[in-house]
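Colleague:
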Amino acid sequence: MFLLLALAATLFAPPILADEARSIDLAMRNAQPFDPNLPWRYMLGADSLGRSILFRLLVATRNTLLIAGTATLGAAIAGTLLGIVAGYRDGAVSTFLLRLADAIMSFPSMLLAVLVLFVFEPGILNVVAVLAVSRLPIFLRTVRAEVLEIRQRLFVVSAQAMGAGRTRIVLKHILPMVMPTVVTLTALEMAFVMLLESGLSFLGIGIQPPEITWGLMVAGGRNYIGSAWWVAFWPGLAIFLVAAALNLVANWLRTALDPAERWRLGSSLEVS
Numbered sequence: 008m009f010l011l012l013a014l015a016a017t018l019f020a021p022p023i024l025a026d027e028a029r030s031i032d033l034a035m036r037n038a039q040p041f042d043p044n045l046p047w048r049y050m051l052g053a054d055s056l057g058r059s060i061l062f063r064l065l066v067a068t069r070n071t072l073l074i075a076g077t078a079t080l081g082a083a084i085a086g087t088l089l090g091i092v093a094g095y096r097d098g099a100v101s102t103f104l105l106r107l108a109d110a111i112m113s114f115p116s117m118l119l120a121v122l123v124l125f126v127f128e129p130g131i132l133n134v135v136a137v138l139a140v141s142r143l144p145i146f147l148r149t150v151r152a153e154v155l156e157i158r159q160r161l162f163v164v165s166a167q168a169m170g171a172g173r174t175r176i177v178l179k180h181i182l183p184m185v186m187p188t189v190v191t192l193t194a195l196e197m198a199f200v201m202l203l204e205s206g207l208s209f210l211g212i213g214i215q216p217p218e219i220t221w222g223l224m225v226a227g228g229r230n231y232i233g234s235a236w237w238v239a240f241w242p243g244l245a246i247f248l249v250a251a252a253l254n255l256v257a258n259w260l261r262t263a264l265d266p267a268e269r270w271r272l273g274s275s276l277e278v279s
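Residue numbers for the sequence shown follow the numbering used here, beginning at 8 and rising by one.
#1: Assuming GLN167 is part of the alpha helix (DSSP H), what are its boundary residues?
#2: Based on the DSSP secondary-structure assignment, which residues constitute the bridge partners of ALA53?
#3: How would you write the range of the alpha helix (DSSP H) that PHE199 sits in, first residue to last?
#4: What does the alpha-carbon distance come out to for the pair ALA83 and MET197?
#5: So, do the stretch 28-46 and the stretch 54-64 have three or more beta carbon pairs nearer to each other than 8 Å?
#6: With DSSP as the reference, label ALA235 as helix, strand or coil.
#7: Assess contact between the stretch 44-55 and the stretch 166-176, defined as three or more Cβ pairs (one per stretch) separated by less than 8 Å. Is contact present?
#8: Could you spell out where the alpha helix (DSSP H) holding PHE103 opens and where it closes?
#9: State the DSSP-derived secondary structure class of ARG29, mapped to helix, strand or coil.
#10: Less than 8 Å between the beta carbons of LEU124 and VAL135, yes or no?
#11: Could you spell out where the alpha helix (DSSP H) holding ARG175 opens and where it closes?
#12: TRP2: which of GLU204, SER113 and THR77 sits nearest, CA to CA?
#13: Specify the secondary structure class of ALA38 as computed by DSSP and reduced to three states.
#14: Report all residues from its chain with a CB closer than 7 Å to the CB of VAL140; omit the five preceding and five following residues, and keep chain order.
#15: Out of curiosity, what's the CA-to-CA distance linking SER165 and LEU155?
#16: What is the residue span of the alpha helix (DSSP H) that GLY222 lies within?
#17: Keeping to the same chain, check which residues put their C-beta closer than 7 Å to that of VAL200; ignore five residues upstream and five downstream.
#18: From which residue to which residue does the alpha helix (DSSP H) around PHE125 run?
#19: When the distance is taken between beta carbons, is VAL190 closer than 8 Å to LEU260?
In structure tokens, the structure reads:
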């Protein structure tokens, strides 16, 4: 449910509330949440510049989810294609791709992102690119392992014996078999990438003002934890809830898409 609300905010909040979210009112500086004497826009309180946290939270949803979603989708597409190549073709190509993945994975994702963004100017495109590259090896290695197992199955061997080309075998037999794993992994990785982007914005090397993300809102409230806890609490809670929701979606997708696990979903539906 919370994930659906976040998606709705992504679509409708920025066109309606973008200007209101950036409106400064110093008279409302660090206004407390749930004060019945204040307008409803300050239901979750205000930040150090008197801006409505509720409106900023809704507007920031688009940037937060779009950045995480675009980076994860890019990593999933590139990693899946490279993983299929590495798994289906032996020799120098497979070895090169594996060594490339090892080189990227030798750096923790956060450290790699910090190093790259320290050299290049922080911005939406650079953040998306570095996040996608940092998670690409996860998809590459996972898909490669799947392909190595699938290529030994009888239906693939039979297709090869009947003269089917590599492209046909990959598109008709291998890709449909690896897609359930890729979809599940994408949901899991999106939660991780969202946390990673929030960490970069918190450190001040991610998305820069006047753009708004949940991580940037947490960073803006870190100096007011003692006096105005709500400035950092609400965006932090939103990050936690969306990450938890994505993990639940990933577990459901694994059960729904994996034939070996699908009986669990049927049993739960019968019980309910």
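Where a beta carbon is used, it is the ideal one built from N, C-alpha and C, also for glycine.
Modeller: Straight from the coordinates:
#1: The sequence position of residue 167 within the sequence shown is 160, counting from 1. Segment 161-168, the alpha helix (DSSP H) holding GLN167.
#2: Here residue 53 refers to the residue found at position 46 when the sequence shown is read from its first residue. BP columns for ALA53 point to SER59.
#3: Residue 199 sits at position 192 when you count from the first residue of the sequence shown. Following the DSSP letters along the chain, one finds PHE199 inside the alpha helix (DSSP H) bounded by residues 182-210.
#4: Residue numbering aside, residue 83 sits at position 76 when the sequence shown is read from its first letter. Residue numbering aside, residue 197 sits at position 190 when the sequence shown is read from its first letter. Straight through space, the alpha carbons of MET197 and ALA83 are spaced by roughly 10 Å.
#5: Taking 8 Å as the limit for Cβ pairs, the verdict is that the stretch 54-64 does touch the stretch 28-46.
#6: Counting from one through the sequence shown, the residue named residue 235 turns up at place 228. Residue state, collapsed to three classes: coil.
#7: no
#8: By one-based count along the sequence shown, residue 103 stands at place 96. Counting along the chain, the alpha helix (DSSP H) containing PHE103 begins and ends at 99-112.
#9: Locating residue 29 in the sequence shown gives position 22, counting from the first residue. ARG29 falls in the coil class under three-state DSSP.
#10: By 1-based counting over the sequence shown, the position of residue 124 is 117. By 1-based counting over the sequence shown, the position of residue 135 is 128. Not in contact: LEU124 and VAL135 (Cβ atoms no closer than 8 Å).
#11: For the purposes of this step, residue 175 is identified with residue 168 of the sequence shown, where counting begins at 1. Note, ARG175: alpha helix (DSSP H), 173-176.
#12: The question about residue 2 has no answer, for the chain in this structure spans 8 to 279.
#13: The residue labelled residue 38 in the question sits at position 31 within the sequence shown. In this structure, DSSP gives ALA38 a state outside helix and strand, which the three-state scheme calls coil.
#14: Looking up residue 140 in the sequence shown gives position 133. For VAL140, same chain residues with a beta-carbon under 7 Å away, outside a window of 5 residues either side, are ILE111 in chain order.
#15: Locating residue 165 in the sequence shown gives position 158, counting from the first residue. Locating residue 155 in the sequence shown gives position 148, counting from the first residue. About 16 Å.
#16: Residue 222 sits at position 215 when you count from the first residue of the sequence shown. Unbroken alpha helix (DSSP H) run through GLY222: 221-228.
#17: On the sequence shown, position 193 is the one that residue 200 refers to. Cβ neighbours of VAL200 beyond the five flanking positions: ALA75, ALA78, THR79, LEU138 and ARG142.
#18: The residue you call residue 125 lines up with position 118 of the sequence shown. Segment 116-126, the alpha helix (DSSP H) holding PHE125.
#19: Against the sequence shown, residue 260 aligns to sequence position 253. Against the sequence shown, residue 190 aligns to sequence position 183. Yes, these two residues count as a Cβ contact at 8 Å.
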